[in-house]
Amino acid sequence: MSWKEKASIEREKLKQMSARDKIWYIWEYYKFHLAALAVVICLISVIGNALYRQSFTTRLSIAVINDRSGDTSSMDPLEADLRQVLGCGKKDIIEINTGLMATYGDNVTEFGYATMAKISALVASRGLDVVIADRDSIDHYAGIDAFADLSELLPADLYAALAGEMYSAAGSEGQMIPAAVSLEGTRFYEITGIVMDPPYLAVIDGSPRKEAAVQMIRYLFP
Numbered sequence: 396m397s398w399k400e401k402a403s404i405e406r407e408k409l410k411q412m413s414a415r416d417k418i419w420y421i422w423e424y425y426k427f428h429l430a431a432l433a434v435v436i437c438l439i440s441v442i443g444n445a446l447y448r449q450s451f452t453t454r455l456s457i458a459v460i461n462d463r464s465g466d467t468s469s470m471d472p473l474e475a476d477l478r479q480v481l482g483c484g485k486k487d488i489i490e491i492n493t494g495l496m497a498t499y500g501d502n503v504t505e506f507g508y509a510t511m512a513k514i515s516a517l518v519a520s521r522g523l524d525v526v527i528a529d530r531d532s533i534d535h536y537a538g539i540d541a542f543a544d545l546s547e548l549l550p551a552d553l554y555a556a557l558a559g560e561m562y563s564a565a566g567s568e569g570q571m572i573p574a575a576v577s578l579e580g581t582r583f584y585e586i587t588g589i590v591m592d593p594p595y596l597a598v599i600d601g602s603p604r605k606e607a608a609v610q611m612i613r614y615l616f617p
């Protein structure tokens, strides 16, 4: 019997069944075929998404740690402004990782461990450029030499203009470096609605996009 004949017989069987019986019949006799089809579709989707993502360029990646505003803040206005500042095209991405909460020392929670694991993975993959966080977070990551020395990174004019906003933190050997700049009173507060007392901005030392990070700082401190 050819496959056409088999298909014709199956169609006739299904025509004579109720909707409920059709569903049962198809599932009972074709569940392995359906499962295999589902796996193939998932694989195609994953591969397709990966290939599609490769056509995009990340222009800046930001992590916001310990924003306590809940659902009342929004990073959308910041992203929109940064896209203009960096001259982003349709296939340029600005990633802003929010919802990250962490405590340190003896007070670390499971959620805190998850946040630190995510930050570590982003840094290790060179997928993180800027951290906006509270003082505890800045101290923690400065202590493992995660941040760039802003006195070396920023142009002289910008560093001089921000001297009063600089926050120095201890590195792994106890050396004090200007690791972050306070965003208190800047347009960052106005456009995001963030709740942090106050937020600091630091640049990851291994960032592949330090130039874009400097442009962001210039934008926040016009």
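Each residue of the sequence shown is one higher than the one before, starting from 396 at the first, in my numbering. For each residue, glycine too, the CB sits at the ideal point set by N, CA and C. Predicted model, so just to flag it, every value in this text is computed and none were measured.
**Request:** Check the C-beta distance from Asp540 over to Arg604 and give it rounded, since I have them as a contact under 8 Å.
**Result:** The Cβ separation is near 19 Å, so there is no contact.
**Request:** Tell whether a beta-carbon distance below 8 Å holds between Gly538 and Gly494.
**Result:** No, they are not a contact pair.
**Prompt:** How is Met561 classed by DSSP in three states: helix, strand or coil?
**Reply:** strand
**Request:** Could you pull the start and end residues of the alpha helix (DSSP H) that Val609 belongs to?
**Result:** 605 to 615
**Asked** Where does the unbroken alpha helix (DSSP H) through Ala516 begin, and where does it stop?
**Response** 505 to 519
**Asked** Counting pairs of beta carbons, one from the segment 504 to 521 and one from the segment 575 to 584, are three or more of them closer than 8 Å?
**Response** Inter-segment contact for the segment 504 to 521 and the segment 575 to 584 is absent: fewer than three beta-carbon pairs are separated by less than 8 Å.
**Request:** Tell me, please, which residues DSSP counts as bridged to Leu495.
**Result:** Answer by DSSP bridge pairing, in chain order: Ile460.
**Item:** Where the beta strand (DSSP E) containing Ser532 begins and where it ends
**Value:** Premise fails: Ser532 lies in the alpha helix (DSSP H), 530 to 537, not in any beta strand (DSSP E).
**Message:** By DSSP's criteria, Met412 is part of a beta bridge. Which residues make up the other side?
**Reply:** The partner list for Met412 (beta bridge, DSSP) is empty, contrary to what the question assumes.
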